[in-house]
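To keep things clear, I will list the structure first and then write my remarks on it.
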Amino acid sequence: MRVLTVCSGNICRSPTAEAALKEALAAEGLADRVEVDSAGTGPWHVGEPPDRRMRKAAADAGLHLDGRGRQLAPGDVEDYDLVLTMDRSNQRDVLRLAGDDARDRVRMFREFDPEADPGDDEVPDPYYDGRETFDEVVVIARRTAREVVEQLRGQLA
């Protein structure tokens with residue numbers, strides 16, 4: 005199974021969600037059964053490491069971010085079993101690239117968040133915010149990743 009997380013620039017939210025999913029998969033002994041990657045809808049940070057502020061917030065919480073920013077490619081939606089977007093803008097961009105047969109693979113990441121309020125299905129973008137939002141993204145990503153992995157467990161059985 006292949007899972008892709010997507011945000012705008014692939015340096016804050018999607019690499020954090022990717023790392024949280026990998027952590028949750030490893031904790032459940034499923035890391036070898038699910039491939040996880042991340043991408044951004046725009047080209048702004050292609051080749052760059054995750055944002056230093058995001059890396060710091062994640063590291064302080066014991067979560068390691070790695071990889072380099074990449075832009076979502078036209079075939080990605082078809083190549084992944086599940087594409088998890090961080091906000092509605094990302095969702096619209098991804099759906100524009102998705103063929104009709106792949107649209108059902110695209111879901112909002114926080115759709116799986118057990119603590120998300122109805123209508124509050126976006127992961128906040130910390131890029132222009134302070135440390136609190138970076139910390140909040142780590143908490144949301146970990147909590148939501150655990151639930152995504154629980155859902156995937158049923159598909160992997």
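The working numbering puts the first residue of the sequence shown at 5, with every later residue one more than the last.
We put the CB at the ideal spot given by N, CA and C, even for glycine.
Keep in mind the model is a prediction, meaning the values are calculated, not measured.
In chain order, what residues of the same chain lie with their CB nearer than 6 Å to the CB of residue 9, ignoring the 5 residues before and after it? 18, 21, 22, 42 and 88
Measuring CA to CA, which of 134, 158, 152 and 147 is closest to residue 171? Given a span of 5 to 161 for the chain in the structure shown, any question on residue 171 remains unanswerable.
Bridge partners for residue 89 per DSSP, in chain order? Paired residue(s): 10 and 112.
By a C-beta neighbour count over all protein chains shown, 10 Å radius and 16 as the cutoff for buried, is residue 160 buried or exposed? exposed
For residue 47 and residue 92, I'd like the C-alpha separation in whole angstroms. 18 Å
Grab me the residues of residue 102's own chain with a C-beta within less than 7 Å of its C-beta, minus the 5 sequence neighbours each way, in chain order. Once the five neighbours on either side are set aside, the close Cβ partners of residue 102 are 81 and 110.
In whole angstroms, give me the CA-to-CA distance for residue 49 and residue 25. 22 Å
Any Cβ of chain B within less than 8 Å of the Cβ of residue 54? Considering every chain present, this structure includes no chain B. It has just one protein chain.
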